[in-house]
Amino acid sequence: MDLKGRVHKFGNDVNTDYIISGRHKFKTLDMKELAKYVMEDLDPDFYSKIQAGDFIVGGSNFGCGSSREQAPLAIINADISAVIAKSFARIFYRNCINTGLPLIECDTDQIDENDELAIDLQAGVLHNLTKGMDIPITPLPKVMLKILSDGGLVEHFKKYGTFNFD
Amino acid sequence: MSKTIAEKILSRKSGHDVKANDIVIADLDFVMGQDGTSGLAINAFEQMRAAKVFNPERIAMVIDHSAPSPLAGVSALHQQMRKFAGEQKINFYDIGDGVCHQLLPEQGHVVPGNLVIGADSHTCTYGAINVFSTGVGSTDLAAGLVSGKLWFKVPETFKFILNGKLPAGVYSKDLILYLIGDVTADGATYMAAEYTGEVINNLSVEARFTISNMAIEMGAKCGLMEADQKTIDWVKAHSNKTFEAVKADEDAVYARVKEYDVSNLEPQIAKPHTVDNVCPISQVAGTPIQQGVIGTCTNGRIEDLRIAASILQDKKIAKNTRLIVAPSSRQVYLQAIQEGLIQVFVEAGAAVVTPGCGPCVGTHNGVPSDGENVISTANRNFKGRMGNPNAYIYLGSPATVAASVIAGKISDPREYVK
Chain A
23 MDLKGRVHKF GNDVNTDYII SGRHKFKTLD MKELAKYVME DLDPDFYSKI QAGDFIVGGS
83 NFGCGSSREQ APLAIINADI SAVIAKSFAR IFYRNCINTG LPLIECDTDQ IDENDELAID
143 LQAGVLHNLT KGMDIPITPL PKVMLKILSD GGLVEHFKKY GTFNFD
Chain B
64 MSKTIAEKIL SRKSGHDVKA NDIVIADLDF VMGQDGTSGL AINAFEQMRA AKVFNPERIA
124 MVIDHSAPSP LAGVSALHQQ MRKFAGEQKI NFYDIGDGVC HQLLPEQGHV VPGNLVIGAD
184 SHTCTYGAIN VFSTGVGSTD LAAGLVSGKL WFKVPETFKF ILNGKLPAGV YSKDLILYLI
244 GDVTADGATY MAAEYTGEVI NNLSVEARFT ISNMAIEMGA KCGLMEADQK TIDWVKAHSN
304 KTFEAVKADE DAVYARVKEY DVSNLEPQIA KPHTVDNVCP ISQVAGTPIQ QGVIGTCTNG
364 RIEDLRIAAS ILQDKKIAKN TRLIVAPSSR QVYLQAIQEG LIQVFVEAGA AVVTPGCGPC
424 VGTHNGVPSD GENVISTANR NFKGRMGNPN AYIYLGSPAT VAASVIAGKI SDPREYVK
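Chains A and B are the protein sequences, given in the same order.
Reading the first sequence from the start, the letters are residues 23 to 188 in this note's numbering.
Reading the second sequence from the start, the letters are residues 64 to 481 in this note's numbering.
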């Protein structure tokens with residue numbers, strides 16, 4: 023899978039309240055509606071700046087805080103193609119894999135706002151086209167690759183009825 | 064092979080001899096969802112084409128995050144939960160019953176040595192009674208509802224050895240804030256925390272829950288403690304289930320070990336807008352506050368209400384200051400009424416609200432105004448957490464919140480507990 027898009031850069035410890043606030047997430051299960059409020063408390067105009075395929079880039083501990091799965095779902099429904107960070111909080115990490123949102127763990131110090139990136143998930147490389155440099159990606163564990171390749175955990179369960187990593 | 068508590072519980076529940084970093088599929092003893100996460104889980108359950116949950120007795124759904132419902136959209140989600148719970152005959156707690164993390168131990172659903180998932184990040188709370196419990200999202204919850212299983216990466220463990228004696232007016236909340244400030248918000252990410260030492264031994268089980276509750280705020284997957292006689296007595300008073308507690312081996316392998324002496328600890332405050340932005344209270348004493356909150360899954364237990372009421376007894380909260388009190392469950396609420404604590408709060412000028420999460424998660428029950436400062440016993444102070452990104456949230460112990468609302472500014476509770 024190859025991904026290409028522009029960068030929206032955020033800092034460390036972006037929590038799931040910032041990704042989608044509790045003010046909004048309890049109201050509805052309509053994720054297209056929730057997507058309009060993605061990152062609202064960090065940047066009230068964020069949704070209007072997104073072009074389909076763009077990336078959200080963070081520092082360390084991205085997705086910390088609440089277990090709300092509305093966080094990855096709002097990101098997916100805002101047409102963001104992947105989240106890139108130095109490290110992820112674990113519940114968010116699992117939620118992304120389960121809902122089919124690709125996560126890229128790599129050094130993000132050399133990635134800036136509006137940079138153009140191309141990601142080759144098979145080869146495990148992120149190309150920063152703006153800066154002309156390649157950044158290696160931490161590979162996903164086998165279990166997660168299996169769930170992602172099945173199209174998320176719901177599809178995995180539809181196929182096998184339970185967990186099956188053999 | 065020597066093992067940590069996490070390695071032992073996951074070995075037992077997976078039927079394999081496992082160590083840190085192994086991936087296992089393990090049997091769940093209990094599965095929980097709340098009203099912010101169950102709707103998506105029920106949808107996923109249906110999409111998985113499952114007809115029945117794996118075992119209705121080992122599942123609970125709790126309406127606590129928006130209870131009672133403040134909006135028609137929320138009411139629809141609540142209705143969906145009530146319908147699912149009725150059809151599947153699972154344990155169900157409706158508005159006013161309490162906060163999920165109070166209810167699961169209080170109602171005897173979880174006991175030492177168990178493996179538990181909950182679709183709420185503070186599910187780590189039950190680590191205080193030797194339960195490997197961890198927060199998951201809605202799709203993992205759905206998988207748990209269907210199969211009674213979940214996959215886990217066996218975590219490495221970060222051991223905290225806590226020596227000394229907490230001074231008067233300094234509580235388990237101050238201690239866990241201090242630890243989070245020290246190791247930071249991702250200091251234990253992907254790891255299990257184990258809290259040990261004489262300080263833990265001397266705490267009540269209720270006070271221990273406060274520490275395990277906030278393990279997630281240092282990134283941890285769970286916040287485990289060994290079960291001592293206090294734990295066993297507490298669990299037997301709340302549950303008829305049989306159990307086998309788990310101890311760490313003497314020579315278990317830890318990823319990190321940190322030792323502290325807490326004998327000189329001051330009350331601690333987490334300043335806006337991150338939980339690891341912690342300082343001793345002396346650095347922020349005098350900061351004006353407009354609202355106080357006592358309650359939540361961190362500090363809404365009967366012991367917390369007793370501490371706060373002992374300070375508020377025969378006093379009034381400051382002019383132009385509000386105090387919101389939310390007991391953590393119906394049982395706690397009733398106990399507080401019997402002991403006269405609710406009368407103390409109401410006479411002092413507090414608004415007592417339905418047991419639930421409301422003021423902490425910004426759904427209702429006390430959204431602050433622009434520019435206001437709030438002091439709360441909750442576990443998160445993220446910008447916007449209470450429903451307004453232009454407010455400032457400080458976190459402290461119930462005693463600190465009580466002392467602060469009397470003065471209308473952040474105040475050291477030690478003046479009251481000499």
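All residues carry an ideal CB built from backbone N, CA and C; glycine is no exception.
Sufficient close CB pairs (3 or more, under 8 Å) joining the stretch 164–171 of chain B to the stretch 69–78 of chain B: They do not touch, by the three-pair rule.
Beta-carbon proximity list for Val341/B, same chain, < 6 Å, skipping 5 on both sides: Residues Leu240, Gly244, Gln331, Ala333 of the same chain have their beta carbon placed closer than 6 Å to that of Val341/B, with the five preceding and five following residues left out of the count.
Pick from Leu125/A, Ile72/A, Gly183/A, Glu62/A that is closest to Gly44/A, judged by C-alpha positions: For Gly44/A, the nearest C-alpha among the options comes from Glu62/A.
Whole-number beta carbon distance between Val147/A and Ile106/A, since they are thought to touch under 8 Å: With a Cβ gap of about 13 Å, Ile106/A and Val147/A do not count as contacting.
Inter-residue Cα distance where the pair is Val468/B and Trp214/B: Between Val468/B and Trp214/B, the C-alpha separation is close to 46 Å.
Pick from Ala139/B, Gly96/B, Asp237/B, His301/B that is closest to Val173/B, judged by C-alpha positions: Considering only Ala139/B, Gly96/B, Asp237/B, His301/B, the residue with the shortest C-alpha distance to Val173/B is His301/B.
Neighbour flag for Ser88/A against chain B, beta carbons, 7 Å: With 7 Å as the cut-off, Ser88/A counts as an interface residue toward chain B.
Distance, Arg28/A Cα to Cys187/B Cα: Annotation: Cys187/B to Arg28/A spans about 37 Å, alpha carbon to alpha carbon.
Identity of the residue in Ile365/B, Ile438/B, Ala270/B nearest Leu386/B by Cα: Looking at the Cα atoms, Ile438/B is the closest of the given residues.
Gly207/B vs Leu91/B beta-carbon contact at 7 Å: Less than 7 Å separates the beta-carbon of Gly207/B from that of Leu91/B.
Distance CB(Phe223/B)-CB(Tyr258/B) smaller than 7 Å: Yes, Cβ-Cβ distance for Phe223/B and Tyr258/B is below 7 Å.
Euclidean distance between Cα positions of Val409/B and Val416/B: Val409/B and Val416/B: Cα-Cα distance of roughly 11 Å.
Euclidean distance between Cα positions of Gly434/B and Phe48/A: The straight-line gap separating the alpha-carbon atoms of Gly434/B and Phe48/A is approximately 24 Å.
Val60/A, buried or exposed, once every other Cβ within 10 Å from all chains shown has been counted against 16: Val60/A is buried by the Cβ-count criterion.
Residues that DSSP places opposite Cys423/B in a beta bridge: The partner list for Cys423/B (beta bridge, DSSP) is empty, contrary to what the question assumes.
The alpha helix (DSSP H) enclosing Asp245/B, as first and last residue numbers: Here the alpha helix (DSSP H) through Asp245/B covers 235–246.
With 16 other Cβ atoms within 10 Å as the buried cut-off, status of Met124/B: By the neighbour-count criterion, in which a residue is buried when 16 or more other Cβ atoms sit within 10 angstroms of its Cβ, Met124/B is buried.
Within chain A, partners of Ala389/B - CB distance below 9 Å: Ordered by position in chain A, no residue passes the 9 Å Cβ test against Ala389/B, which lies about 16 Å from the chain.
Residue-chain proximity (Trp214/B, chain A), Cβ-Cβ < 7 Å: Residue-level contact check: Trp214/B touches chain A, since one or more beta carbons of chain A fall below 7 Å from its beta carbon.
Pro158/A burial status per 10 Å Cβ neighbour count (16 or more: buried): Exposed.
Three-state secondary structure (DSSP) of Asn150/A: In the structure shown, Asn150/A adopts extended strand secondary structure according to DSSP, grouped into three states.
Contact set between Ala182/B and chain A, taken where Cβ atoms lie within less than 7 Å: Chain-order list of chain A residues neighbouring Ala182/B: Ser89, by C-beta distance under 7 Å.
Buried or exposed by the 16-neighbour rule on C-beta atoms within 10 Å, applied to Leu176/A: First, the residue type needs correcting, since residue 176/A is Val and not Leu in the sequence shown. Buried.
Whole-angstrom C-beta distance between Gln110/B and Cys163/B, which should lie under 8 Å: That belief does not hold up - the Cβ atoms of Cys163/B and Gln110/B are roughly 24 Å apart, past 8 Å.
Closer than 7 Å to chain A by CB, Val395/B: Judged by the 7 Å Cβ criterion, Val395/B is not in contact with chain A.
Buried/exposed call for Glu120/B, threshold 16 Cβ in 10 Å: Using a 10 angstroms sphere on the CB of Glu120/B, the tally of other CB atoms stays under 16, which defines it as exposed.
As assigned by DSSP and simplified to three states, the class of Ala414/B: In the three-state reduction of the DSSP assignment, Ala414/B falls in the strand class, which pools E and B.
Where the alpha helix (DSSP H) through Tyr40/A begins and ends: That run of the alpha helix (DSSP H) goes 38–41.
N-terminal and C-terminal residue of the beta strand (DSSP E) that Asn226/B is part of: 220–226 is the span of the beta strand (DSSP E), which, as asked, contains Asn226/B.
Cutoff 6 Å; reference Phe155/B; Cβ partners in own chain excluding five residues on either side: Within the same chain, Cβ atoms closer than 6 Å to the Cβ of Phe155/B are found at Met124, Ala148, the five residues on either side in sequence being excluded.
Start and end residues, alpha helix (DSSP H) containing Leu123/A: Looking at the DSSP string, Leu123/A is not in any alpha helix (DSSP H), and its letter there is neither H nor E.
Interfacial residues, the stretch 440–452 of chain B to chain A, with Cβ spacing under 8 Å: Listed by position, the residues of the stretch 440–452 of chain B near chain A (Cβ gap below 8 Å) are Arg443, Phe445, Lys446, Gly447, Arg448, Gly450, Pro452.
Amino acids of chain C, ordered along the chain, whose beta-carbon sits closer than 8 Å to that of Asn106/B: The chain inventory of the structure shown lacks chain C, comprising the protein chains A and B.
Interface residues of the stretch 315–332 of chain B facing chain A [CB-CB below 7 Å]: With the criterion set as a beta carbon lying under 7 Å from some beta carbon of chain A, the stretch 315–332 of chain B has no members that meet it.
Bounding residues of the beta strand (DSSP E) (the contiguous stretch that carries Asp142/A): Where Asp142/A is concerned, the enclosing beta strand (DSSP E) stretches over 138–142.
Residue-level contact to chain B via CB, Phe84/A, 7 Å cutoff: It does not: the Cβ of Phe84/A has no partner Cβ on chain B nearer than 7 Å.
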